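Just below is one structure, and these are the notes that go with it.
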Amino acid sequence: MNLRYALLATASLLIMNCQSMQQPLTLEQRVDALIETAGDGATVGVAYRDSNGATFFRNEDVLFHAASTMKVPVMLAIFDAIERGELRLDQPIPVRNEFVSIYDDSVYSMLAEEDSDPELYERVGSEAPLEDLMRRMITRSSNLATNLLIERVGAERVMTLMRSLGAGDSRILRGVQDIKAFDAGMNNMVTARDLMLVLGSLEARDAVSSSVSGRMLDILHAQEFNEGIPAGVPAGVPVAHKTGSITAHYHDAGIVYPPGREPYILVVLTRGVTGGRAEKVVAEISRAVWEAGQSPAQNSKHRRLAARKSSPILR
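In the numbering used here, the protein residues as written are 375 to 689.
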């Protein structure tokens, strides 16, 4: 099966190379060719928007299991509570490992071996500053920190905030590792378009407040997992982003800051990409978007598209 996908990927690249000898491929053609390499049964959602309001979409309204991308809306809700004086960044939070399932109110515990930040489990029984938990939730994708924080604000508040940003198709119901809820299909779900809108509100400094949006972007810039979108742009190019992965899913949602140009938003969600290739698919789509942005012809096209659109996400 892996050989089949490798051959398909090689064929797609050969086609792209042959076509490029005649005329440059459009961004749409390049991304569609890369999506084809994801394999039978795979689904890839893409949402792109630049500072002029030009957009590119594929499966943008398809719901995907959110995996850890849901941690970005949780961060927004935490900062909203801080802005309202309900929480403080230096507030000590008891670190414990007991949570209530939304399925039947039973108590469950997290597994350190299934968490990308096992170090936090060593602090169970003590306290940690809220800011430390929030940074761990984003930069290390700590599941334990996520559950401790979402308890403070509640999933409904997260959803209310998302809807206020226009991201109403997604749903955030719970924390993570709630196996009973997972088995019952009570899962956090997102679309590429909704994540684009959330990130757009951050870059526009419209999420909660201007100063708070800036602080959240600083945290996203410190992301430690960079196999997706950042791997598709030149080394050193700043990317504020959040990855997410769970069985058969890999996602990355970020804002790319090209030197000398305005930033752009890119969200790539994948489901069913086998053979450990999901990160590469995301990185290659990121590279296609980056290279299209370097092309004078593509930049000209983006300006024409922007002239026909309103309400740019970035400003």
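The C-beta atom is built at its ideal place from N, Cα and C for all residues, glycine as well.
Computed from a predicted model, the values in this text were never measured in an experiment.
For the pair S516 and D552, the CB atoms are not nearer than the 8 Å cut-off. Of the residues Y477, Y422, L401, E410, the one whose Cα lies closest to the Cα of A627 is Y422. The Cβ atoms of L450 and A581 sit closer than 8 Å to each other. In the DSSP assignment, F453 falls within the unbroken alpha helix (DSSP H) covering 445–457.
Excluding residues up to 5 positions away in sequence, A421, A566, L569, M570, A627 lie with their Cβ nearer than 6 Å to the Cβ of V641 in the same chain.
In this structure, the CA atom of P466 is about 6 Å from the CA atom of E501. Secondary structure within the region 622–668: the beta strand (DSSP E) runs of 3 or more consecutive residues, fully enclosed, are 623–630, 638–645 (chain order).
Listed in chain order, the non-local C-beta contacts of R661 below 6 Å within the same chain comprise G606, local neighbours out to five positions each way being set aside. For D557, the closest C-alpha among the options T520, Y477, R589 is that of Y477. The DSSP-derived three-state label of F556 is helix. Taking the C-beta atoms as reference points, R509 is found no nearer than 8 Å to L461. Counting C-beta atoms within 10 angstroms of its own C-beta, G649 has fewer than 16 neighbours from the protein chains shown and is therefore classed as exposed. Closest in alpha carbon position to V611, among D592, E598, Y631, Q668, is Y631. By the beta-carbon neighbour count (other beta carbons within 10 angstroms, threshold 16), T411 is buried.
In chain order, V469, R470, N471 place their CB closer than 7 Å to the CB of V498, counting only its own chain and leaving out the 5 sequence neighbours on each side. DSSP places G588 in the helix class (H, G or I) of the three-state scheme. Beta-bridge annotation (DSSP): R423 is paired with T429, I639. Secondary structure at S583: coil, using DSSP grouped into helix, strand and coil.
Its chain contains R545, I546 as the residues whose beta carbon lies nearer than 7 Å to that of M533, once the 5 sequence neighbours on both sides are disregarded; these appear in chain order. If you draw a straight line from the Cα of I524 to the Cα of R579, it comes to about 23 Å. With respect to A416, V647 sits close: the two C-beta atoms are nearer than 8 Å. For V481 and F473, the gap between their C-alpha atoms comes out near 5 Å. DSSP places G618 within a strand segment (E or B) once states are collapsed to three.
Excluding the 5 residues flanking it on each side, D454 has same chain C-beta neighbours closer than 7 Å at L535, V582, in chain order. The alpha-carbon separation between L399 and T644 amounts to approximately 23 Å. Burial state of L463 is exposed, judged by a 10 Å Cβ sphere holding fewer than 16 other Cβ atoms. Closest by C-alpha distance to I603, out of H623, I639, S584, P633, is I639. Straight through space, the alpha carbons of I456 and R404 are spaced by roughly 43 Å. According to the DSSP assignment, E530 belongs to the alpha helix (DSSP H) that extends over 529–538.
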